[in-house]
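Down below is the structure, laid out as C-alpha cells.
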DNA sequence: AAGTGGTCTAGACCACAGG
DNA sequence: CTGTGGTCTAGACCACTTC
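Protein chains in written order, with this note's numbering: chain A, 1 to 254; chain B, 1001 to 1254.
Listed below in C-alpha cells is the structure:
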C-alpha cells in the first residue's frame, strides 16, 4: 500500500494497473506460457502475484474475455480459449437505412398484392415448404415519387397481409411495419446478393431494356424464434445501384 | 446492510442488484423522466437513492452505456444520449473466409501482372489520384485447381508488387499476404457489390458466353492510417455465385 | 466439502471538467 | 476551487462446479 500509484515513475503512458496486468497476461498467453485449454491461475493467486486487489485482477481478466482469449465460469475457473486476441471484422449498421441502403426520400409504391401458394421454386426462395400460403406484394421503389429505383417483391406470412395498408405512407421499411403492427421482433436478417437479367415485365416497369443486367438483393427476416416472417426480393438495374458494406476490424483488447 | 440479498423474497428471477437498478433507470429514461441531453443524477446520488454501493451503481450505469443510452465523462457526468436502447444489426465475420466467401479449397492462379499508371477511370475505382502507379495482378480463382470461379483483378501499391510471388501457394488471401510480408495492418475493408455484363476476354477465360450477367465484388483494403493499399475486383458469372451476409441484432442491454 | 468466479460493501485517492 | 467519474483496496457472502 506504500505505492498506490507508480505512475510518476513509469516510463511512458500512465496505464491503469488493470491494463498493465491484462497486457502481461495476454503476452504470456501469446508466448505460449499458458497453452490452449489450460486454466489460468485463480483470481486469488493473481492477486498475490501482482500485489493487486481482486477488483483490479477482475478488470484485467475482463479485458482478456472481451478480446476472446479466455472464458470464465463460476466454480470452474478461467480457461484459455485462444492464444491470440481475436480480430474479427464487423459491419455495424447504425440505422435501418443502412440495412436497406436506400435514402429516406425513397418510398414503396404497391402495384399488386395477392395471397399465393408456394411451389417448389418459391418455397426454396422463402426457405419454407411448398404448399404454404404467403402474401405477395409487388411494388416499385421510387425516389422523390418519380424516379424508379427498383422492383421489389415482398412476401409476408398471410397473417400479416394487412401491412399492405401501411406501405407507402412514409419511408418505414416493411419489416419494421410488421414489427410494429404485429409485435414481431426481428433477431436476424440474411441478405443474399446475386446477379441476373431482368424479365420483360419488370424491365418495362422500370423503363429499362429487357435482359438488362440487374442486381438482385434477397432479404430474409427472422423473428425471435428463428422463423422467417418476411422475404423481400429487390431487382435493381445494374447501372442504378450498388450495394456497399463497410467492415471494420473489431476494436478489442488493450 | 441488514439485507445483503433479498433474492429469496423477490418475485421471479433472482436478478443481481445492478441489473435491477439498470432496469429501473432504463425504464425511467424510456418513459421520459430523464430527457435527451439531460444529466443523470451523480453516482453519489444514485448510491443513496438505491441504498447501494458505488460498485453496484457503476455496474448498472455500465449497462446503460453498453446499450447506448448514456455516455459518461470524467468530471462532467452521465448524459442521456438515447431514450431507447440501440438495437443495431451487426455482421460478424469470424474467419477471413467469410469475408472472401470462397471455400478454402479455392486458389488464385495468376495470369498476368504488370505495373500500370492510373487514368481517371481506374483512379476512381482505386479511390486515388490519376497518374499514380499501381501493380495490377490479373488472375483466375479456381476450385480444386480446375473449375473456374471468377476473374479477379488485384491492384496493390507498387512497393508491394512482390506479393505476386506468394500467390497461389496456398489459399491465403492476397491482402493477408501483404499484411504478413510488409507488416501492414488492415483496419477496414469496404466491399462494394454491383452487377454488370462480362467482357469478351473475361468471358472466354471463364468459359461462359460473352455479355453474360455477372456479379462484381470490389474490395478495398485500408491500412491503419486509412490509406488504401489493395483493391480487388472480382467478376462472377451470375449463376455461379451469390454473396451472402448475415446480420444479427446486437445483444445489448439487460 | 473445498474452491472457483459472481456480487456487493465501505471506504480511499486521483484525473479531469467546469465555473 | 468543487464536484464529477476513473481507479483501487480489503474485506464479505453467495452460487456454482468439482471431487
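The C-beta atom is built at its ideal place from N, Cα and C for all residues, glycine as well. On a predicted model such as this, the values are computed, not experimentally measured, just so you know.
Check	Outcome
At which residue ranges does the segment 56 to 139 of chain A contain complete beta strand (DSSP E) runs of 3 or more residues, listed in the order of the chain?	70 to 73, 77 to 80, 89 to 93, 106 to 117
Of all the alpha helix (DSSP H) runs that stay within the bounds of the segment 148 to 208 of chain A, which reach a length of 4 or more residues?	174 to 182, 200 to 206
What is the DSSP secondary structure of residue 1046(B), counted as helix, strand or coil?	helix
Buried or exposed: which applies to residue 1088(B), given that a residue is buried once 16 or more other Cβ atoms fall within 10 Å of its Cβ?	buried
Per DSSP, which one or two residues make a beta bridge with residue 37(A)?	Answer by DSSP bridge pairing: none, since residue 37(A) is not bridged.
Answer with yes or no whether the minimum CB distance from residue 1127(B) to chain A is below 8 Å.	no
Measuring straight from C-alpha to C-alpha, what distance separates residue 79(A) and residue 167(A)?	51 Å
Is it buried or exposed, residue 1223(B), if we count other Cβ atoms within 10 angstroms and call 16 or more buried?	buried
Mind listing the chain A neighbours of residue 1015(B)? Cutoff is C-beta to C-beta under 8 Å, in chain order.	Chain A residues near residue 1015(B): none, gap ~16 Å exceeds 8 Å.
Tell me, please, whether the CB atom of residue 9(A) is closer than 8 Å to any CB atom in chain B?	Bear in mind that a pLDDT of 37 at residue 9(A), under 50, signals an unreliable position, so the model cannot answer this.
Any C-beta of chain B sitting closer than 8 Å to the C-beta of residue 195(A)?	yes
Give the secondary structure of residue 15(A) by DSSP, where H, G and I count as helix, E and B as strand, and everything else as coil.	coil
Ends of the beta strand (DSSP E) at residue 230(A)?	228 to 237
So that I know if they touch, is there some Cβ in chain A lying closer than 8 Å to that of residue 1018(B)?	no
Could you tell me the alpha carbon to alpha carbon distance between residue 156(A) and residue 131(A), rounded to whole angstroms?	15 Å
Quick one: list the residues of chain A neighbouring residue 1249(B), beta-carbon separation under 9 Å, in chain order.	185, 186, 187, 188, 189
Per DSSP, which one or two residues make a beta bridge with residue 1247(B)?	189(A), 1091(B)
Just grab the DSSP bridge partners of residue 1025(B) for me.	None, per the DSSP bridge assignment.
Checking contacts by CB at 8 Å: is residue 1040(B) closer than that to chain A?	no
Excluding the 5 residues flanking residue 135(A) on each side, which residues of the same chain have their C-beta closer than 6 Å to its C-beta?	115, 156, 158, 161
If you compare alpha carbons, which of 1242(B), 1214(B), 1141(B), 1058(B) is closest to residue 1020(B)?	1058(B)
Which residues in the same chain have their Cβ closer than 8 Å to the Cβ of residue 1110(B), if we skip the five residues on either side of it in sequence?	1137, 1138, 1139, 1164, 1167, 1168
Answer yes or no: does any C-beta atom of chain B fall closer than 8 Å to that of residue 92(A)?	yes
Within 8 Å of any Cβ in chain B, is that where the Cβ of residue 245(A) sits?	yes
Comparing the C-beta of residue 215(A) with each C-beta of chain B, is any distance below 8 Å?	yes
Considering only C-alpha positions, which residue in the set 1033(B), 1183(B), 1215(B) is nearest to residue 1202(B)?	1215(B)
Look at the alpha carbon of residue 238(A) and the alpha carbon of residue 1128(B), and state the distance between them as a whole number of angstroms.	24 Å
By the criterion of Cβ-Cβ separation under 7 Å, what are the contact partners of residue 1088(B) in chain A?	92, 93, 94
Is the separation between the beta-carbon of residue 18(A) and that of residue 60(A) shorter than 8 Å?	yes
Judging by CA-CA distance, which residue of 1084(B), 1122(B), 1226(B), 1064(B) is the nearest neighbour of residue 249(A)?	1226(B)
Taking 8 Å as the threshold, find out whether the segment 1227 to 1246 of chain B comes into contact with the segment 1175 to 1187 of chain B through three or more Cβ pairs.	yes
By alpha-carbon positions, which one of 184(A), 39(A), 247(A), 25(A) ends up nearest to residue 75(A)?	39(A)
Residue range of the beta strand (DSSP E) that residue 223(A) falls in?	213 to 223
Note down, in chain order, all residues in the segment 1103 to 1136 of chain B with a beta-carbon under 7 Å from any beta-carbon belonging to chain A.	none
Looking only at DSSP bridge pairs, what is residue 141(A) linked to?	108(A), 150(A)
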